[in-house]
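In the numbering used here, the protein residues as written are 702 to 1353.
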């Protein structure tokens, strides 16, 4: 716990600090912001949380407009519609403010942006930017990458091979169609067990429960475009995929568990085969010891297995427990070992090397076979899903990205599309770059490729000004890997774009923004401490984690770590108890602690830094996800007499 300086009258440090009390922004940070927003230079900005990413992004757009760029030539790609709206609002609010500023105030703002001291004409143009941006046909393009791709495909449906009047299936619609396709394919598998999909389903049911199977199917479906591309780009794609996987697993193509069972039972394990096994069972059954009787039962399972796979599993169970090889002395009694020393010697030859080898081969063959079964099922589900989409003229979000990528890379149509786009694109800005997927990066690369290779005049035969690519993000903040985001690609893409710029002899800047305007130093120091070790640091960044810096360096804060509350193993009561008498579990204890602490601060009249007593609306409780804890906390707060908004006030 971090100790804070005492405040008068029992006040505690909480709430927002007045901006007027803050120190000026450091000159180094201002310079970095100006470098990042320079409209003449391509730039890649790595920005810590709260360091002003949206501020820098909006300032770069404004400086691009100040440099004389047509609003229609600027493309800003964001990850969400909310982010697009926020950035557009910031740009237009700033430009609207300029229309009523006097010369002195506007001059100061322009110089702060990094512009040279403006003359009267430059001031007039700056005041006109608001109207110019609003009135330009097409306007300033600040949109999600999906919205941009949708618009592009609508412009070039023939070249992209999409329906001329396609509709976009939102996430809810796409999931509904996928669920319907999955139910149909699984029903077909049950009704036709001898079919390829039926056999695949039977194989998966034999090794996993329903939730595990559905979870594995869902994981493949989330990457359906990548999956279908991998098996459709060559003849017999699924078989080729299996051949590649077999090579990785060091399995001879076509090898089955039946083959392995035959090899094992024929004596590949130190010559210990069926004959010795039958002899061992006879002697073990004659023994009165429990250990020998257990061995006899396991051998009986081998001798009476209904198929080779079951036989192999029973065979391995003789020599293993909990997936690990038994010591030979652990499953034969001393009397039996002394009675049949030759047989015992044969068993010792089996362990442990032979068992480990067979277990490894079993796992490899099972992985290969189970993967094929999973892929057969998901392939049919995806095919059915695609057929339904095509009949209804739908494109899902993945389609928008993948089909745009193919359109821009199609040799037959790319030149025409690039020509049309090139006439209208000169600057691309990417927000939240850490959550941009590889497929989305391919679209950005195709859009910006001409920036680094062509210097031809524009459509009016005027020399082109510098065309730039700009990206801002923080790989540590990537949270959309489940949607295909690859935070590892953040640094890879930076290097790729920098290499293109250097090869084209264009200016390039890599800028870091480490100063946080959001959090106080105590909070940031706690975060740095958590990720100070190399293992955790490497898990969130490929290039290392720079320490956070706080803009409000002297503002107080507090980080309190509560001890872990572990679930206690409860003894089963001998008599029936009322629910209210049952001991509280770990989650109930945590919820009660949260509610008690908040209620105590309100009851004791703790005050904010501005002197106002704390009230329920000053508290925000963040949870990992909605679930049991949320309900428990909500009920605990109500029992403690703390007014709470409830669980139905926020739509996520």
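Glycine is no exception: its CB is placed at the ideal position from the N, C-alpha and C atoms.
Unbroken beta strand (DSSP E) run spanning residue i, endpoints
i: residue 844; result: 842-845
i: residue 1130; result: 1128-1131
i: residue 1000; result: Premise fails: residue 1000 lies in the alpha helix (DSSP H), 991-1004, not in any beta strand (DSSP E).
i: residue 744; result: 743-748
i: residue 778; result: 775-779
i: residue 1210; result: 1209-1214
Residue nearest to residue i in terms of C-alpha spacing, selected from the options
i: residue 959; options: 1066, 1229, 1149, 1173; result: 1066
i: residue 963; options: 950, 932, 825, 1014; result: 1014
i: residue 1115; options: 1062, 844, 860, 912; result: 860
i: residue 913; options: 1320, 1075, 1337; result: 1075
i: residue 1133; options: 736, 751, 727, 740; result: 751
i: residue 1264; options: 1249, 1241, 1245, 1294; result: 1294
i: residue 866; options: 872, 873, 874, 857; result: 857
i: residue 949; options: 874, 1069, 1006; result: 1069
i: residue 1175; options: 814, 1137, 887, 989; result: 1137
i: residue 832; options: 879, 815, 794, 1204; result: 794
i: residue 1061; options: 1101, 851, 1017; result: 1017
i: residue 853; options: 738, 1121, 891, 895; result: 1121
i: residue 1367; options: 1088, 1101, 928, 1035; result: No answer is possible for residue 1367: the residues shown for the chain start at 702 and end at 1353.
i: residue 1111; options: 1085, 1147, 1092, 922; result: 1147
i: residue 1019; options: 1309, 978, 961, 1331; result: 978
i: residue 1166; options: 771, 930, 754, 836; result: 771
i: residue 1207; options: 744, 725, 728; result: 744
i: residue 1421; options: 728, 790, 995, 875; result: It is not possible to answer for residue 1421, since the shown part of the chain is limited to 702 through 1353.
i: residue 842; options: 823, 864, 790; result: 790
i: residue 1178; options: 847, 1340, 1246; result: 1246
i: residue 823; options: 766, 1306, 846; result: 766
i: residue 1202; options: 1009, 910, 1135, 1171; result: 1171
i: residue 1331; options: 1312, 1296, 1308, 1305; result: 1296
i: residue 1204; options: 1009, 1150, 769, 931; result: 1150
i: residue 846; options: 908, 1336, 1139, 991; result: 1139
Inter-residue Cα distance where the pair is residue i and residue j
i: residue 1169; j: residue 1328; result: 45 Å
i: residue 997; j: residue 1011; result: 17 Å
i: residue 1232; j: residue 1238; result: 5 Å
i: residue 952; j: residue 945; result: 10 Å
i: residue 1118; j: residue 1153; result: 17 Å
i: residue 1128; j: residue 954; result: 51 Å
i: residue 711; j: residue 1302; result: Note that residue 711 has pLDDT 45, beneath the 50 cutoff, so the model's placement of it is unreliable and the number below is only indicative. Looking at the two C-alpha atoms, the distance is approximately 10 Å.
i: residue 805; j: residue 1217; result: 30 Å
i: residue 1320; j: residue 1253; result: 21 Å
i: residue 918; j: residue 1091; result: 22 Å
i: residue 716; j: residue 1310; result: Unreliable placement is indicated for residue 716, whose pLDDT of 43 sits below 50; the coordinate value is still reported in the next sentence. Distance between the alpha carbons of residue 716 and residue 1310 is about 7 Å.
i: residue 896; j: residue 1084; result: 16 Å
i: residue 844; j: residue 1334; result: 38 Å
i: residue 1324; j: residue 825; result: 50 Å
i: residue 753; j: residue 939; result: 47 Å
i: residue 882; j: residue 921; result: 14 Å
i: residue 755; j: residue 1221; result: 20 Å
i: residue 887; j: residue 1261; result: 50 Å
i: residue 718; j: residue 864; result: At residue 718, the pLDDT of 43 sits below 50, so the modelled position is not reliable; the number obtained from the coordinates is stated separately. Taking the straight line joining both Cα atoms gives about 55 Å.
i: residue 722; j: residue 1255; result: With a pLDDT of 45 at residue 722, under the threshold of 50, the modelled position of that residue is not reliable, and the figure given next carries that caveat. About 10 Å.
i: residue 1305; j: residue 786; result: 42 Å
i: residue 1336; j: residue 1240; result: 37 Å
i: residue 725; j: residue 810; result: 15 Å
Bounding residues of the alpha helix (DSSP H) (the contiguous stretch that carries residue i)
i: residue 921; result: 911-923
i: residue 812; result: 804-814
i: residue 866; result: From DSSP, residue 866 is part of no alpha helix (DSSP H); its letter is neither H nor E.
i: residue 1198; result: 1189-1204
i: residue 1303; result: 1287-1304
i: residue 757; result: 754-767
i: residue 1140; result: 1139-1149
i: residue 1227; result: 1222-1231
i: residue 735; result: 728-738
Proximity below 8 Å, CB of residue i to CB of residue j
i: residue 1314; j: residue 1345; result: no
i: residue 1251; j: residue 1225; result: yes
i: residue 850; j: residue 1101; result: yes
i: residue 870; j: residue 878; result: yes
i: residue 779; j: residue 788; result: yes
i: residue 985; j: residue 993; result: yes
i: residue 1299; j: residue 1343; result: yes
i: residue 762; j: residue 1288; result: no
i: residue 764; j: residue 814; result: yes
i: residue 1249; j: residue 1223; result: no
Residue i beta carbon near the ligand SAM (any heavy atom closer than 7 Å)
i: residue 1108; result: Looking at this structure, you won't find the ligand SAM or any other ligand, since it has none at all.
Inset, instruction - For the segment 1103-1119 and the segment 1131-1148, state whether three or more C-beta atom pairs, one from each stretch, are separated by less than 8 Å. - result: yes
Inset, instruction - Would you check if the segment 1195-1209 and the segment 724-737 touch, i.e. whether three or more CB-CB distances between them fall below 8 Å? - result: no
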